[in-house]
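Engineer: If you scroll down you'll find the structure; I have some questions about it.
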Amino acid sequence: MSATSFKRSSIARSTSSARSTEGRRIARHRPETEQTVSGDDDFYESIADRFEGLDNAEDVRRRLSVVFDECLGHRRLVGRWTLDAGCGYGPFSEAAVRRGAVVISVDLGERLVARTIVLEHTRAPERAVKELARVLRVDGLLVLTTPNRVWQGPVRAASRLRLRPFHGVENFVAWRSLEHFCRAAGLDVVLHLGFHPWPFQLGRGRAAATVEKQLSRRWAARLMVNQAIVARKPPPTASATRLDKPAVRD
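When the sequence shown is numbered by the working numbering, its final residue is 1384 and no position is left out of the sequence of numbers.
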């Protein structure tokens, strides 16, 4: 979860140019209203020290490409304030720093606990989007990547069968719901695309990229494993001009 042109606010109480090679450097955020949680909520806290090793390097590479190349379209980030909410061990923060951004890295645990995709690990994703929109500057961009709810069942089954190392809170968001959350928060949806047509990696070859691009067309994007959305915060006077039908990447 990333965004550019954020204003400084209470959501970020410390800053960090978190680097994956220094995966124990953290930025703490403990709202006064936060309650003690247990069970599934503690899962990512329990694997914080080894999460980087569990993460799929090819998956991270693809997500970095989606965020910085496809969603941000190679926009210049030099000097721009960027919030990495749910920074985890810092791959997105590190990539933004390399591009010259001023990065605020935030995570919820006492240690690094959350994945770079974080919306689905909240119990109230709509409220999370509203808070991100609140701290976003006018004309700033919110970029979110999150799994598609159509894959919630298979993922849960894989967890029960111990075919994947993760569980905890996994509250996948439906395609239309993600757009609704952004609009309800007062944002204009600029781009909504799908990626990862199936729950495994094809590799880094040109053929794999071509297949994914073809399957990411309008008819298939809503069925892909993951989705990415870009939303812009308009000036108050421009709220009536929001797009009703966002573009889907071809």
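The beta carbon of each residue, even a glycine, is placed where N, CA and C say it ideally should be. All figures in this text were calculated on a predicted structure; none of them were measured in a lab.
Which residue's Cα is closest to the Cα of residue 1233: 1210, 1240 and 1262?
Structural biologist: Of the candidates 1210, 1240 and 1262, the one whose C-alpha sits nearest the C-alpha of residue 1233 is 1210.
Engineer: Considering Cα atoms alone, identify which of 1364, 1223 and 1312 is closest to residue 1207.
Structural biologist: Ranking 1364, 1223 and 1312 by Cα distance to residue 1207 puts 1364 first.
Engineer: What did DSSP end up calling residue 1281 once you bin it into helix, strand or coil?
Structural biologist: Residue 1281: strand per DSSP, three-state reduction.
Engineer: Could you have a look at residue 1275 and say whether DSSP puts it in helix, strand or coil?
Structural biologist: It is a strand residue.
Engineer: Which value, in whole angstroms, describes the spacing of the CA atoms of residue 1213 and residue 1237?
Structural biologist: Between residue 1213 and residue 1237, the C-alpha separation is close to 9 Å.
Engineer: What is the DSSP secondary structure of residue 1366, counted as helix, strand or coil?
Structural biologist: If DSSP states are grouped into helix, strand and coil, residue 1366 belongs with the strands.
Engineer: Within 10 angstroms of its Cβ, does residue 1278 collect 16 or more other Cβ (buried), or is it exposed?
Structural biologist: That one is buried.
Engineer: Exposed or buried, which one is residue 1366 when buried takes at least 16 other CB atoms within 10 Å?
Structural biologist: Counting Cβ neighbours within 10 Å, residue 1366 comes out buried, since at least 16 surround it.
Engineer: If you measure between the beta carbons of residue 1315 and residue 1362, is that distance less than 9 Å?
Structural biologist: Cβ atoms of residue 1315 and residue 1362: not closer than 9 Å.
Engineer: Rounded to a whole number of angstroms, what is the C-alpha to C-alpha distance between residue 1266 and residue 1291?
Structural biologist: Each residue's Cα considered, the two are about 31 Å apart.
Engineer: Between the beta-carbon of residue 1283 and the beta-carbon of residue 1263, is there less than 9 Å?
Structural biologist: Not closer than 9 Å, so no.
Engineer: Starting from residue 1314, trace the alpha helix (DSSP H) both ways and give me its first and last residue.
Structural biologist: Segment 1309–1318, the alpha helix (DSSP H) holding residue 1314.
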